[in-house]
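Here's the structure, in structure tokens; my notes come after.
Numbering (UniProt numbering), first residue to last: 1 to 547.
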């Protein structure tokens, strides 16, 4: 049954409004309804037939397309097979060509190596010939120079012998020679006894280092005279000593301004140990023995080699890094300069303590000092008593001096800056401090720096998180060093900071947490720790855990 029409519904509404009885619904014709349904079914059948025909046409079209695609694929496969066959043939030909070229290259390489070897041999022979000629010329020049120097020194020695003979002849006529000789002999014997006793004490207290090289002996021979043989001969022995020809190492050179030939101390000639008399002015006291020092003068390449070997052994034994040849040369030269300064100071003290003399005595004293300096006799080594080294025993024996560049760097590094309190983080205070008080007050000895530094104050960071930072001013710890309070960035921010109260600054929190020295502390911190901005890694971890 079909639904009522709109007109029927409208009549019912009008009747309800006018309180009129509704009219009955009109009767519907069933034949008309069947005819309409038949027409609808026919239309649907025609539509289905048209759809089937179009689908069959589309299937036929697709079949044609598939046939074309199959033919194209077959052609492509055939072409690919042809290309593969051709490429394999080309590859084989290329491999044969490469082998042929490698053989040619090997032949050329062998020939070029032979030619290069011949050229190298020829250039090496030429270089050896040039070097031999150069060395021969240098040797000839050196020999001629040495001969001229030897001749000049022999002439100077003969002249000095004449002067010495004249001075000795003038000294023999002076009064009081016996008293002077007795005084000098007694003092020399006392010095010898003191040297022996000090040497025994040193041997008892010193422990020789294992593997160390034998040290050159700086001790003078046991002689009753403090002067060399040329100044302690009697009147009957003077002609024999004057006729004896001195060796180059014994020849006096200080008066002529020349430097003696370098020799190790162990190879220097030893004066005779005979008991002889001396000639010395009454006011002239015997020179005091040189103080024991690690800066004993070492001259010549042989002595530097010994010093370098000893320094290397000592540093290897105590575990220090080895010094280069340049550093060892600097230390060696510094020791020489210090030894010369000590010798000059001793000479000045001796010269200032002596009274002024007039006449033959003054001339005799000056001549004795000049001859002592010219003969370059090694000073006697009188060791200090045990326990008088301030805990530095063995410091000089190991070849270590305060001129060592490493030791100077350590001394300068310790003397430049002292360790600051702000260099290490202090623990957070248990109770809040006042706004003008710091738990690490500055010491009275610390002075403000010339310019503020940018060293972060970790103590201020902890105070910041505990809300006790100084309001608008740096803490006293930073103010004492002239530094500004800076809070460092948190290195764990990207990976997620796990600390409950981080003393560092997070990048996203920089706007929320202002610097204490820029804004007053009345602003306080905003939010809580749980509301802080998370890092990207931490957010990713939380999302993964949630999923």
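We put the CB at the ideal spot given by N, CA and C, even for glycine.
What did DSSP end up calling residue 30 once you bin it into helix, strand or coil? Looking at residue 30 - three-state DSSP - the assignment turns out to be helix.
Quick check on residue 114: buried or exposed, where buried means 16 or more other Cβ atoms within 10 Å of its Cβ? Flag for residue 114 reads exposed.
My understanding is that residue 322 touches residue 329, with C-beta atoms under 8 Å, so please give their C-beta distance in whole angstroms. With a Cβ gap of about 14 Å, residue 322 and residue 329 do not count as contacting.
CB-CB length for residue 325 against residue 308, believed under 8 Å: With a Cβ gap of about 7 Å, residue 325 and residue 308 count as contacting.
Collapsed DSSP secondary structure at residue 498 in the structure displayed: In the three-state reduction of the DSSP assignment, residue 498 falls in the coil class.
Less than 9 Å between the beta carbons of residue 538 and residue 497, yes or no? Yes, Cβ-Cβ distance for residue 538 and residue 497 is below 9 Å.
Whole-angstrom distance between residue 125 and residue 131, CA atom to CA atom: Approximately 10 Å, taken between the alpha carbons.
Would residue 9 be called buried (16 or more neighbouring beta carbons within 10 Å of its own) or exposed? So residue 9 ends up on the exposed side.
According to DSSP, is residue 323 helix, strand or coil? Coil.
Give a yes or no on whether the minimum CB-CB distance between residue 321 and chain C is below 9 Å. Of the chains in the structure shown, none is chain C; there is only one protein chain.
Quick check on residue 82: buried or exposed, where buried means 16 or more other Cβ atoms within 10 Å of its Cβ? Around the CB of residue 82, fewer than 16 other CB atoms lie within 10 Å, so the residue is classed as exposed.
Please report the straight-line C-alpha distance between residue 48 and residue 73, rounded to a whole angstrom. The alpha-carbon of residue 48 is positioned some 37 Å away from that of residue 73.
Report buried or exposed for residue 331, applying the criterion of at least 16 other Cβ atoms within 10 angstroms of its Cβ. Its Cβ being crowded by 16 or more others within 10 Å, residue 331 is buried.
Which same chain residues, not among the five before or five after residue 304, have their C-beta less than 6 Å away from its C-beta? Setting aside the 5 residues that flank it on each side, residue 304 is surrounded in the same chain by 332, each with a C-beta closer than 6 Å to its C-beta; the list follows chain order.
Name the two residues that bound the continuous alpha helix (DSSP H) containing residue 7. 6 to 17 is the span of the alpha helix (DSSP H), which, as asked, contains residue 7.
Near residue 536, which residues of its chain fall below 6 Å by C-beta distance, leaving aside the five closest residues on each side in sequence? Excluding residues within five positions, none has a Cβ falling inside 6 Å.
On the criterion of 16 or more Cβ atoms from any shown chain inside 10 Å, does residue 39 qualify as buried, or is it exposed? Exposed: under 16 other Cβ atoms inside 10 Å.
Roughly how many angstroms lie between the CA atoms of residue 46 and residue 67, to the nearest whole one? Rounded to the nearest angstrom, the two C-alpha atoms are 32 Å apart.
Quick one: what does DSSP say residue 532 is sitting in, helix, strand or coil? The DSSP-derived three-state label of residue 532 is coil.
Does DSSP classify residue 544 as helix, strand or coil? It is helical.
Taking all protein chains shown into account, decide if residue 194 is buried (16 or more other Cβ within 10 angstroms of its Cβ) or exposed. Counting Cβ neighbours within 10 Å, residue 194 comes out exposed, since fewer than 16 surround it.
Specify the secondary structure class of residue 491 as computed by DSSP and reduced to three states. Coil, per DSSP.
For residue 553, count neighbouring Cβ atoms within 10 angstroms of its own Cβ and tell me buried if that reaches 16, exposed if not. Residue 553 lies beyond the stretch modelled for the chain, which goes from 1 to 547, so this question has no answer here.
Using only the alpha-carbon positions, how far apart do residue 123 and residue 134 sit? Residue 123 and residue 134: Cα-Cα distance of roughly 16 Å.
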